[in-house]
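In the numbering used here, the protein residues as written are 45 to 243.
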């Protein structure tokens, strides 16, 4: 699949906003700690990915009812659904000048029911002319996502026959429908009825 930049300016994928708030002290402190053990941008990107994947539980997996949406809150509260965790990873990458995009899949249950939008991150490391998608949602039985720049190792590969979709657009800001649902939800059970099923 050919990935398409929503914004042609690579600098847009380094910007901070109220969701990808990479100028927040906690984001910077976390990035500094991870960078202290990473000799280069590749090692840092992998360390940031592994941290978000493994050290911040996916709230559905852990049973946490809190809803986070801002990157710094995901890091502070150590919880979030896939898109919130993607916001945290994008912030950690951008604060170290690694372009990071938000990208999405439409996934369903095994029988094609209960569609929902799943959040990913694409990054572009120095010296590489291609984006690489990674999935920081967190592993569990049956899910084995990995950091890989050459061969995608996502949590799920889409099944078009079940109505699933890989959206090719690389967004410089989180999708408005996703952010609106996350911001409005007082808890995770109330999130799902309002959460987007497609983009």
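Just so it is clear, CB atoms sit at the ideal spot from N, CA and C, and this is done for glycine as well. These numbers come from a predicted model, not from an experiment.
Query, Result
"Separation of residue 123 from residue 129, as counted between CA atoms", "8 Å"
"Contact between the stretch 65-84 and the stretch 133-144 (3+ Cβ pairs under 8 Å)", "yes"
"Completely contained beta strand (DSSP E) runs for the stretch 154-219, where each covers 3 or more residues", "160-167 and 176-178"
"Burial state of residue 109, where buried means 16 or more other Cβ atoms lie within 10 Å", "exposed"
"Supposed contact pair residue 135 and residue 66 - C-beta distance, whole angstroms, cut 8 Å", "4 Å"
"Inter-residue Cα distance where the pair is residue 76 and residue 86", "15 Å"
"Residue 104, enclosing alpha helix (DSSP H) - first and last residue", "103-106"
"Three-pair Cβ contact test at 8 Å for the stretch 149-157 versus the stretch 52-62", "no"
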